[in-house]
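*Asks:* I'd like to ask you about the structure that follows.
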Amino acid sequence: MSDMSKPNARERILQTAYELFTQRGVRDVPVDEIIRRSGVAIATFYRHFRSKDELVTAFLSRREQLWTSDSVVSAARERGSDPVAKLLAIFDVFDEWFHRENFEGDSFVNVLIEMGANHPLGKASIGHLANVRKNLEELAIEAGLREPKEFAFSYQILMKGSIIEATMGDLNSAKRAQHMAASLIKDFQVADETGDAEGATA
């Protein structure tokens with residue numbers, strides 16, 4: 001049976017690339033290694049992916065399917081009893097993620113750092129991160145926080161920072177970030193007539 005007639009050749013290539021890219025980054029993985037490990041012919045590879053950049057784009061799409069901002073927020077919504085609790089629950093979701101045996105860090109941040117903001121792949125990563133902020137902004141609005149857009153930028157810094165720390169080996173970084181997140185939320189809560197932040201708890 002020729003490579004052309006083998007089923008799932010594209011999927012084998014993508015699965016192989018996914019594993020290698022998450023382990024070693026994009027630049028460090030040559031196309032010939034992906035071809036060799038996926039067991040396809042060179043012609044088969046280029047039939048499915050015209051370039052390495054096209055493969056990386058498919059990898060990022062797969063990454064977003066498996067671990068999206070929507071899935072994180074959805075999981076946080078299920079855990080939180082109110083909008084503020086839902087925001088904080090994001091770090092509970094992260095904590096579970098960081099302790100998984102196959103924790104792989106944030107591929108979008110990694111690709112952005114590797115390729116740069118002006119590269120098409122860097123721009124794709126920026127687009128994903130913007131989607132994350134949009135979800136955070138929506139939660140901030142639900143929580144009645146002031147300046148929800150500015151809050152979303154600040155909150156995302158804590159999220160990205162905890163991921164980087166976890167990648168460096170601090171698997172408790174989500175819990176540390178959660179404490180800082182609680183203070184950040186309090187800073188953005190609207191004070192009531194008594195001067196106390198609405199929704200604040202003792």
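Oh and the sequence shown: position 34 is 34 in the UniProt record's numbering, straight run, nothing missing. Glycine residues also receive a C-beta, built at the ideal position from the N, C-alpha and C atoms.
Applying the 10 Å Cβ sphere with the 16-neighbour rule, what's the burial state of Q189?
*Replies:* Translated into positions along the sequence shown, residue 189 becomes position 189. Under this definition Q189 is a buried residue.
*Asks:* Taking the CB atoms as reference points, tell me whether V31 and V56 lie closer together than 8 angstroms.
*Replies:* For this step, residue 31 is matched to residue 31 along the sequence shown. For this step, residue 56 is matched to residue 56 along the sequence shown. It is not a contact, given that the beta carbons lie outside the stated cut-off.
*Asks:* Any C-beta of chain D sitting closer than 8 angstroms to the C-beta of E165?
*Replies:* Of the protein chains in the structure, only one exists, and it is not chain D.
*Asks:* Can you tell me the Cβ-Cβ gap for V40 and A9, rounded? I've got them flagged as a contact below 8 angstroms.
*Replies:* The residue labelled residue 40 in the question sits at position 40 within the sequence shown. The residue labelled residue 9 in the question sits at position 9 within the sequence shown. Contact holds; Cβ gap of about 5 angstroms.
*Asks:* What residues are listed by DSSP as bridge partners for Q189?
*Replies:* One-based indexing of the sequence shown puts residue 189 at position 189. Partner(s): L145.
*Asks:* Who are the Cβ neighbours of F98 in its own chain at under 6 angstroms, not counting the five residues just before and after it?
*Replies:* Translated into positions along the sequence shown, residue 98 becomes position 98. The answer, listed in chain order, is A166, L171 and A174.
*Asks:* From what residue to what residue does the alpha helix (DSSP H) around P83 run?
*Replies:* Position 83 of the sequence shown holds residue 83. That run of the alpha helix (DSSP H) goes P83 to F98.
*Asks:* Please report the straight-line C-alpha distance between F21 and R37, rounded to a whole angstrom.
*Replies:* Stepping through the sequence shown from its first residue, residue 21 is reached at position 21. Stepping through the sequence shown from its first residue, residue 37 is reached at position 37. Roughly 13 angstroms between the two C-alpha positions.
*Asks:* Once the 5 residues before and after S2 are set aside, which same chain residues still bring their CB inside 7 angstroms of it?
*Replies:* Taking the sequence shown and counting its residues from 1, the one referred to as residue 2 is at position 2. For S2, the predicted structure reports a pLDDT of 48, less than 50, and the residue's modelled location is therefore unreliable. A value from the coordinates is still provided. Answer for S2: no residue qualifies.
*Asks:* By a C-beta neighbour count over all protein chains shown, 10 Å radius and 16 as the cutoff for buried, is R100 buried or exposed?
*Replies:* By 1-based counting over the sequence shown, the position of residue 100 is 100. The residue in question, R100, is exposed, as its Cβ has fewer than 16 Cβ neighbours within 10 Å.
*Asks:* Return yes when the Cβ of A117 is within less than 8 angstroms of the Cβ of I126, no when it is not.
*Replies:* As a position in the sequence shown, residue 126 is number 126, starting the count at 1. As a position in the sequence shown, residue 117 is number 117, starting the count at 1. For I126 and A117, yes; Cβs fall inside 8 angstroms.
*Asks:* On the DSSP letters alone, give me the boundaries of the alpha helix (DSSP H) that M115 sits inside.
*Replies:* One-based indexing of the sequence shown puts residue 115 at position 115. From DSSP, the alpha helix (DSSP H) with M115 extends over S107 to M115.
*Asks:* For the putative contact between L158 and A181, defined by C-beta atoms under 8 angstroms, what is the C-beta separation to the nearest angstrom?
*Replies:* Looking up residue 158 in the sequence shown gives position 158. Looking up residue 181 in the sequence shown gives position 181. Right, the Cβ-Cβ distance comes to about 5 angstroms (below 8 angstroms), so this counts as a contact.
*Asks:* Can you check which of these residues, V73, Q23 and F49, is closest to E138 by C-alpha distance?
*Replies:* Reading the sequence shown from its first residue, position 138 is the one you call residue 138. For the residues V73, Q23 and F49, the minimum Cα distance to E138 belongs to V73.
*Asks:* Using beta-carbon positions only, say whether A143 and V84 come within less than 8 angstroms of one another.
*Replies:* Walking along the sequence shown from the start, residue 143 turns up at place 143. Walking along the sequence shown from the start, residue 84 turns up at place 84. Against a cut-off of 8 angstroms, the Cβ pair of V84 and A143 comes out as a contact.
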